[in-house]
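In the numbering used here, the protein residues as written are 2 to 335.
Don't be surprised by glycine CBs; every beta carbon is placed ideally from N, CA and C.
If you're wondering where the values come from, they're calculated on a predicted model, not measured in any experiment.
Structure, as structure tokens:
The structure is reproduced here in structure tokens:
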């Protein structure tokens, strides 16, 4: 059997900003790529006492170039979920500098203008969660519901073909609560992987617990509602948090690149941080196996970012390459 072609990595036109942003909302409407909101440290790095700033800007990419639109988000925000559905870019939740959001709305790019449409709000405010589109069903998993709350083990679903019915709760995965999980769609399944939660050591002290677990979810509709069937799969070899959406990069595999691994999470000195681990992994849902490919040496790996299908490629948009340090660059992989 012929082997699939190796991945092709290239630089996509960068955002027109010198610093870049973590946790933007991003998606595609009628062929135009939208990148919105996000946060960075514009004046000083965190270890220098810098303050994080959230943004309400909206960038559009078409005809080979980015433009900053006059339209703005309803408020400066990031760290939510974005999906593209029938040429609408749907923004779900996220947070501002002070609050978590329950708002859900879409943008459609029509005649060089953004048309906004409100959708039913989440049952509760959520940020730092994962989300995917499976058919007409928008599924949200994990996160936190306030700036000071603990990670959640919750899942919600909005059937976009019947959005007037609002959100419904789904039974959650059979594992720990989590924030910043990675997730992706493969065929008729969603995979929820990793993320992080708060652990306690032998002295009762909290630590950042990067998770390695991996779950398959299938949806079924019965008695007027959707139900989730979960199955625990082979764990991620290195753990992963804040890697965003996991692309189905070939017919038989998904790609894991970036995200905080359990080793990097233990680094204690931000100003000398070595950067996000560069290892690339394939996950094969067909036989539930993992393969380590190599390290990506040409582009810095990143965390807290939007990963978006665009034309025949996937785009890793901006994000964080070291604690507090963003990048305006965009990586294209196919």
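Am I right that residue i and residue j are in contact with their C-beta atoms under 8 angstroms? What's the rounded C-beta distance?
i, j, result
"residue 190", "residue 219", "6 angstroms"
"residue 108", "residue 30", "7 angstroms"
"residue 253", "residue 285", "6 angstroms"
"residue 105", "residue 121", "6 angstroms"
"residue 132", "residue 93", "6 angstroms"
"residue 21", "residue 319", "4 angstroms"
"residue 245", "residue 306", "5 angstroms"
"residue 213", "residue 195", "6 angstroms"
"residue 271", "residue 324", "4 angstroms"
"residue 186", "residue 249", "7 angstroms"
Can you tell me which of the three DSSP states residue i falls into?
i, result
"residue 270", "coil"
"residue 319", "coil"
"residue 303", "coil"
"residue 47", "helix"
"residue 166", "helix"
"residue 71", "coil"
"residue 161", "helix"
"residue 290", "strand"
"residue 265", "helix"
"residue 119", "strand"
"residue 282", "strand"
"residue 156", "strand"
"residue 14", "coil"
"residue 25", "coil"
"residue 149", "coil"
"residue 109", "strand"
"residue 133", "strand"
"residue 220", "strand"
Less than 8 angstroms between C-beta atoms, sequence neighbours within five positions excluded: which residues of the same chain meet that for residue i?
i, result
"residue 228", "171, 172, 220, 221, 222"
"residue 53", "40, 41, 42, 47, 98"
"residue 298", "279"
"residue 287", "253"
"residue 291", "235, 237, 238, 282, 283, 284, 285"
Report the rounded CA-to-CA distance for residue i versus residue j, giving the unit in angstroms.
i, j, result
"residue 17", "residue 25", "14 angstroms"
"residue 242", "residue 303", "11 angstroms"
"residue 296", "residue 267", "20 angstroms"
"residue 326", "residue 261", "14 angstroms"
"residue 102", "residue 193", "22 angstroms"
"residue 77", "residue 5", "42 angstroms"
"residue 75", "residue 95", "12 angstroms"
"residue 7", "residue 251", "10 angstroms"
"residue 316", "residue 204", "43 angstroms"
"residue 134", "residue 13", "25 angstroms"
"residue 38", "residue 184", "21 angstroms"
"residue 59", "residue 115", "10 angstroms"
"residue 215", "residue 112", "42 angstroms"
"residue 1", "residue 188", "Because the chain is modelled from 2 through 335, residue 1 falls outside the range shown and cannot be assessed."
"residue 273", "residue 165", "50 angstroms"
"residue 308", "residue 202", "34 angstroms"
"residue 34", "residue 83", "12 angstroms"
"residue 67", "residue 247", "25 angstroms"
"residue 269", "residue 136", "42 angstroms"
"residue 56", "residue 312", "27 angstroms"
"residue 211", "residue 142", "17 angstroms"
"residue 181", "residue 127", "11 angstroms"
For residue i, which residues in the same chain have their Cβ closer than 6 angstroms to its Cβ, ignoring the five residues on either side in sequence?
i, result
"residue 330", "15"
"residue 264", "none"
"residue 230", "219"
"residue 232", "217"
"residue 332", "300, 317"
"residue 70", "59, 61"
Can you list, in chain order, the residues of its chain with a C-beta nearer than 7 angstroms to that of residue i? Leave out the 5 residues immediately preceding and following it.
i, result
"residue 88", "30, 31, 109"
"residue 328", "21, 301, 303, 319, 320, 322"
"residue 162", "137"
Residue i: beta carbon under 7 angstroms from a heavy atom of the ligand NAD?
i, result
"residue 216", "The ligand content of the structure shown is nil, which means the ligand NAD is not present either."
**OP:** Could you tell me whether the stretch 176-184 touches the stretch 151-167, where touching means 3 or more Cβ pairs closer than 8 angstroms?
**Re:** These segments touch.
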